[in-house]
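Take a look at the structure below.
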Amino acid sequence: MKLKIFTLFILLSFGTGSIFAGGFQLNEHGSKAMGLGGAYTAIVDDASAVYWNSAGMSFLEGTNFILGAAIIGPSTTFRGVAPSINKTRMTRQVFYVPHFFITHKLSESFSVGLGASVPFGLGTLWNDNWLGRYLAVETELTTIGVPLVVSWKITDNFSISAGGSYHHASVLIKQAASTGPFEDAFVNLEGDESSAFGYNFSFLWKPLDVLSIGASFKSEVDFSLEGTAESIGPDQLAGLLPSGDISAELTTPLNIQGGIGLCVSEKLLFSADFQYIGWSSYDTLAVNFIDPAYDDIAEPRLYEDTYIIRFGAQYELSEDLTLLGGVYFDKMPVDPNDLSPSLPDSDRLGFSLGVDAQLTENFGVSASYLFIRSSELTVTDSNQEYTPGGAKFNGTYNSLANILSFSFHYSL
């Protein structure tokens, strides 16, 4: 017997509008970079160059370390349309996103770097009985990226780099299913990928003492997730609810980021970056069931390539203390009518402030704060439904996030 209704809602929970949406790409890979609004590609000057622009390692002396974390607190509300006009607040969660990078200068020409950070992640959690429970209850995604990079200083003011990266991903998803006249059932999906690989390359050019230009490329990463489906529901449906082994193919997007840095005085530096994100690679979501009782499904995803525009400024208050500031605009990658509550998303503005302090000759610390405000988004003709064949999931989303970040840096 082909249980299409259950494979359909599993598909919806695994991918509708959400798992790798803009909100799941994390750019908090170093407190100084975050304090500059991420406009850091052309002005990298610490070990987080491993992530932002590894060609910048060529301009660092000796051995450099960075260890830190970002603390992310998102908040979202949803208000439906008549007759379900009540406002629902997503369960508040706090996410801790660590980062570690090390660089070492091998010679006047070559440097190497290694790192570990979280390029994609976060999650959403709604109440089990909220009105959108048949679309999403809980979604968690964690990816870990470990880049290994080499830079080559071709001239005194120009360097290039290339490298590979190892990635691991894990996914946890929970969604309700309407089984009327019985009480709701819940399906939990868990999957992980032990080995996926990507590559990257970049350049940094300093044509003038006051001017720097840089760019970096990070490839797509293809994950082959394997996991299990587990269902909890009425005893009368025990034989029908899906369970057992599943697999899915997911691709995180490529990233191209270019930037410029300009010193307008001895103490003041401005930077600007443009980041292109290839979300169109997330074009199909395939969920495969090992048990032949369930249909395998391949559904198109309607994501489009998008971009982020970033601006930053830093002011040297003293020899050992620098003030940071930044702003950016992040364009959402999906049409509002394809949006799902598993990841509410919209166009965003980010505003950041920070400080970078050198405490001793070899040791320093940076700290920054980022406020992200998503524009209010009203869905009027949703392609999602409260229940299969039911009313459209129209309504209004409001989201924001507060992020604190700190990094300790040490050089030898």
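Heads up: the sequence shown is residues 1029 to 1440, going by my numbering.
Just so you know, even glycine gets a beta-carbon here, dropped at the ideal spot from N, CA and C.
Check your understanding: So the beta strand (DSSP E) Val1146 belongs to, where does it begin and stop?
Key -> No beta strand (DSSP E) holds Val1146; DSSP gives it neither H nor E.
Point to revise | Below-9 Å beta-carbon distance, Phe1087 vs any chain D residue | key: You won't find chain D in this structure, because it holds only one protein chain.
Review point. Alpha carbon to alpha carbon, how far is Gln1053 from Tyr1194?
Key: 17 Å
Exercise for review: Tell whether a beta-carbon distance below 9 Å holds between Asp1073 and Gly1084.
Suggested key: yes
Review point. Short check: CB of Val1393 to CB of Phe1436, under 9 Å?
Key: yes
Review point. So what does DSSP say about Gly1084, is it helix, strand or coil?
Key: helix
Review point. If you compare alpha carbons, which of Asn1422, Arg1376, Val1215, Ala1067 is closest to Gly1160?
Key: Selected option, being the one with the closest Cα: Asn1422.
Practice item. Please determine, among Ala1395, Tyr1304, Ser1244, the residue with the shortest C-alpha to C-alpha distance to Gln1386. Key: Ala1395
Exercise for review: Using the Cα positions of Phe1357 and Trp1180, report the straight-line distance between them to the nearest angstrom.
Suggested key: 33 Å
Point to revise | Option in Ser1082, Phe1298, Asp1220, Ser1189 with minimal Cα separation from Val1238 | key: Phe1298
Point to revise | DSSP-derived helix/strand/coil call for Ala1049 | key: With a pLDDT of 33 at Ala1049, under the threshold of 50, the modelled position of this residue cannot be trusted, and the question is left open.
Exercise for review: Compute the Euclidean distance between the alpha carbons of Gly1151 and Leu1405, then round it to the nearest angstrom.
Suggested key: 19 Å
Exercise for review: Rounded to whole angstroms, what's the CA-CA distance from Gly1096 to Arg1120? Just pull it up for me.
Suggested key: 23 Å
Practice item. Verify whether the separation of the beta carbon atoms of Ala1077 and Phe1138 is less than 9 Å. Key: With contacts defined as CB atoms closer than 9 Å, Ala1077 and Phe1138 fail to qualify as a contacting pair.
Check your understanding: When burial is assigned at 16 or more other CB atoms within 10 Å of the CB, is Ile1305 buried or exposed?
Key -> Residue environment: Ile1305 is assigned as buried (16 or more neighbouring CB atoms within 10 Å of its CB, all protein chains considered).
Point to revise | Exposure of Tyr1124, with buried meaning 16 or more beta-carbon neighbours within 10 Å | key: exposed
**Study point:** Other residues of its chain near Asp1363: CB distance less than 7 Å, five sequence neighbours each side excluded
**Key:** Leu1330
**Study point:** Pro1126 - partner residues in DSSP beta bridges
**Key:** Ala1097
Exercise for review: Provide the residue span of the beta strand (DSSP E) that contains Ala1257, from first to last.
Suggested key: 1249 to 1260
Check your understanding: For Tyr1079, does the three-state DSSP call read helix, strand or coil?
Key -> helix
Point to revise | Asn1216 in three-state terms, based on DSSP | key: strand
Review point. Given that a residue counts as buried once 16 or more other Cβ atoms are within 10 Å of its Cβ, and exposed if not, what is Gly1441?
Key: Outside the modelled stretch of the chain, which goes from 1029 to 1440, sits residue 1441, for which no answer is possible.
Practice item. Can you give me the start and stop residues for the alpha helix (DSSP H) that Gly1063 sits inside? Key: 1059 to 1063
Practice item. Kindly identify the DSSP beta-bridge partner or partners of Tyr1343. Key: Leu1296, Leu1351
Practice item. Measure the CB-CB distance between Leu1232 and Phe1302 and report whether it falls below 9 Å. Key: no
Review point. Buried or exposed: Val1292, going by 16 or more other Cβ atoms within 10 Å of its Cβ?
Key: exposed
Exercise for review: Evaluate Ile1400 with the Cβ neighbour count: other Cβ atoms within 10 Å of its Cβ, from every protein chain shown; 16 or more gives buried, anything less gives exposed.
Suggested key: buried
Review point. What do you reckon, are the CB atoms on Asp1273 and Asp1319 nearer than 9 Å?
Key: yes
Review point. When the Cα atoms are used, what is the spatial distance from Phe1148 to Gly1287?
Key: 22 Å
Point to revise | Cβ-Cβ distance between Leu1176 and Gly1192 below 9 Å | key: yes
Exercise for review: Return helix, strand or coil for Trp1180, following the three-state DSSP convention.
Suggested key: strand
Review point. Cβ atoms of Val1174 and Gly1458: under 9 Å apart, would you say?
Key: As displayed, the chain neither begins before 1029 nor continues past 1440, which places residue 1458 out of reach and without an answer.
Practice item. Rounded to whole angstroms, what's the CA-CA distance from Asn1055 to Tyr1079? Just pull it up for me. Key: 10 Å
**Study point:** Same chain, Cβ closer than 7 Å to Asn1081, neighbours up to 5 away in sequence not counted
**Key:** Excluding positions up to five away in sequence, the list reads Thr1069, Val1072, Ser1230, Leu1232, Gly1242, Ser1244.
Review point. Which class does Ser1308 belong to by DSSP, given the choice of helix, strand or coil?
Key: helix
Review point. Exposed or buried, what is Gly993 when buried is set at 16 or more other beta-carbons lying within 10 Å of its beta-carbon?
Key: Nothing about residue 993 can be read from this structure; the chain reaches only from 1029 to 1440.
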